[in-house]
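Undergrad: Let me begin by handing over the structure; questions about it come next.
Numbering (my numbering), first residue to last: 18 to 224.
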């Protein structure tokens, strides 16, 4: 019964993405956005493109993993440069940091969408995320970003089950926060601090 329900949700996701017609996927390499990119690629082919924003807050190891998985999927994948450190309200590192970061990201992806003549920007927000306080979701809604996983009523556990079935190599990848989240709230974010955090985390991963 449970398997049937999950398969029905996958079918709903396929329908949602097909009806969108062409999409730019906000693709970080995490399991949620990877799953969206995988299914979008299956439904839309070249009309689905994953876009990864490269910035000082995004670890190099995460970027390389995202590129590898996109290649495994066979989906179109491009990188765009962004720099949150140029945003004063982000650098302040107060409670609205994520909102300003995501607003910048989705505005950038909106520009990419226009340049690619795509119909929508879509993200990897899932049903479980709706219960959390996520400023990024507020930014996404304000800029017309669609969340097909929510529209298909897919939870995190649903996504992991389906991602494994679809052969995604990162189906059990743990959630990863950006480097700026490691800096205590209220302490200004700098490139030096981000670099130190990235170096320390890379060292831990090597051990």
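Glycine is no exception: its CB is placed at the ideal position from the N, C-alpha and C atoms.
Counting only C-beta atoms, is residue 172 closer than 8 Å to chain B at any point?
TA: Of the protein chains in this structure there is only one, and it is not chain B.
Undergrad: Entirely within the region 100-175 and at least 3 residues each: give me those beta strand (DSSP E) ranges in chain order.
TA: Whole beta strand (DSSP E) segments, 3+ residues: 137-139.
Undergrad: Helix, strand or coil for residue 183, going by three-state DSSP, please let me know.
TA: Coil, per DSSP.
Undergrad: Please classify residue 26 as buried or exposed, where buried requires at least 16 other C-beta atoms within 10 Å of its C-beta.
TA: That one is buried.
Undergrad: Do the region 183-192 and the region 154-165 make contact, defined as three or more Cβ pairs closer than 8 Å?
TA: Because the criterion of three Cβ pairs below 8 Å is not met, the region 183-192 and the region 154-165 do not touch.
Undergrad: Look up residue 62 in the DSSP assignment and say whether it is helix, strand or coil.
TA: Helix, per DSSP.
Undergrad: Identify the residues that DSSP records as bridge partners of residue 69: which are they?
TA: Beta-bridge pairing links residue 69 to 96.
Undergrad: Using CA atoms only, rank isn't needed, just tell me which of 107, 188, 190 is closest to residue 153.
TA: The shortest C-alpha separation from residue 153 is found at 107.
Undergrad: Write down the C-beta distance between residue 39 and residue 169 rounded to the nearest angstrom, noting that I regard them as a contact closer than 8 Å.
TA: With 8 Å as the limit, residue 39 and residue 169 do not qualify as a contact, their Cβ atoms being about 18 Å apart.
Undergrad: Can you give me the Cβ contacts of residue 214 inside the same chain, cut-off strictly under 8 Å, excluding the 5 residues immediately before and after it?
TA: Hits under 8 Å: 196, 199, 200.
Undergrad: Taking buried to mean at least 16 other C-beta atoms within 10 Å of its own C-beta, is residue 101 buried or exposed?
TA: It counts as buried.
Undergrad: Looking at residue 139: is its Cβ nearer than 8 Å to the Cβ of residue 77?
TA: Their beta carbons are not under 8 Å apart, which means residue 139 does not touch residue 77 by this criterion.
Undergrad: Pairs of beta-carbons, one from the region 91-105 and one from the region 66-75, closer than 8 Å: are there three or more?
TA: Output reads yes: the region 66-75 touches the region 91-105.
Undergrad: Taking the beta strand (DSSP E) that residue 43 belongs to, which residues open and close that run?
TA: Run containing residue 43: 40-43, per the beta strand (DSSP E) assignment.
Undergrad: Does the beta-carbon of residue 22 have 16 or more other beta-carbons within 10 angstroms, so that it is buried, or is it exposed?
TA: Answer is exposed; the Cβ neighbour count stays below 16.
Undergrad: What would DSSP say about residue 189, mapped onto helix, strand or coil?
TA: Coil, per DSSP.
Undergrad: Taking Cβ to Cβ, would you say residue 110 is nearer than 8 Å to residue 205?
TA: The answer is yes: Cβ separation under 8 Å.
Undergrad: Measure the Cβ-Cβ separation of residue 177 and residue 48 and say whether it is below 8 Å.
TA: Yes.
Undergrad: Per DSSP, what kind of secondary structure is residue 90 in: helix, strand or coil?
TA: Here residue 90 sits in helix by DSSP.
Undergrad: By how many angstroms is the C-alpha of residue 60 removed from the C-alpha of residue 19?
TA: When rounded, the distance between both Cα atoms is 24 Å.
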